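Only one structure is covered here, and it is reproduced in the block below.
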Amino acid sequence: MAKVSVVVPDVWGEDKSQEAVIVNWYYPEGAEVREGDLLAEGMLEKVTFEIRAPASGRLARILAPVDATVKAGHVVAEIETG
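For the record, in the sequence shown the residue sitting at position 52 is 51 according to numbering that gives the first Met the number 0, with numbers rising by one throughout.
The structure is reproduced here in structure tokens:
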């Protein structure tokens with residue numbers, strides 16, 4: 000099985016030094032997800048943003064739990080495909 004990384008989208012604009020916080024996960028580890036599913040939400044300066052599944056498969060690992068701080072491009076989970 001191949002693993003696909005779930006990364007934080009770039010919602011920062013030019014200031015990449017800011018940190019966001021993971022505020023919710025909609026699926027537990029082990030759940031089947033489809034490409035485009037809303038997996039989690041993050042918050043940056045009181046604005047929420049979505050983290051969506053880049054591929055269909057099983058949500059194998061959540062690497063950034065609720066309240067974890069993240070930056071653009073940070074890997075927050077892994078999906079096993081195939």
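Beta carbons are placed, not taken as given, at the ideal position from N, Cα and C, and that holds for glycine.
As the structure is a computational prediction, the values presented were derived from the model and not from experiment.
Is residue i helix, strand or coil by DSSP?
| i | result |
| --- | --- |
| Gly56 | strand |
| Val74 | strand |
| Ser16 | coil |
| Leu43 | strand |
| Leu37 | strand |
Pop quiz: residue i and residue j are said to be a contact at Cβ under 8 Å. What is the actual Cβ separation, rounded to whole angstroms?
| i | j | result |
| --- | --- | --- |
| Val6 | Val74 | 6 Å |
| Lys70 | Glu18 | 6 Å |
| Gly41 | Ile50 | 6 Å |
Tell me which residues share the same chain as residue i and place their Cβ nearer than 8 Å to its Cβ, disregarding the 5 neighbours each side in the sequence.
| i | result |
| --- | --- |
| Arg60 | Glu28, Ala76, Glu77 |
| Val65 | Ile21, Val22, Asn23, Trp24 |
In the DSSP assignment, the beta strand (DSSP E) including residue i goes from what residue to what residue?
| i | result |
| --- | --- |
| Val46 | 46-51 |
| Val6 | 1-6 |
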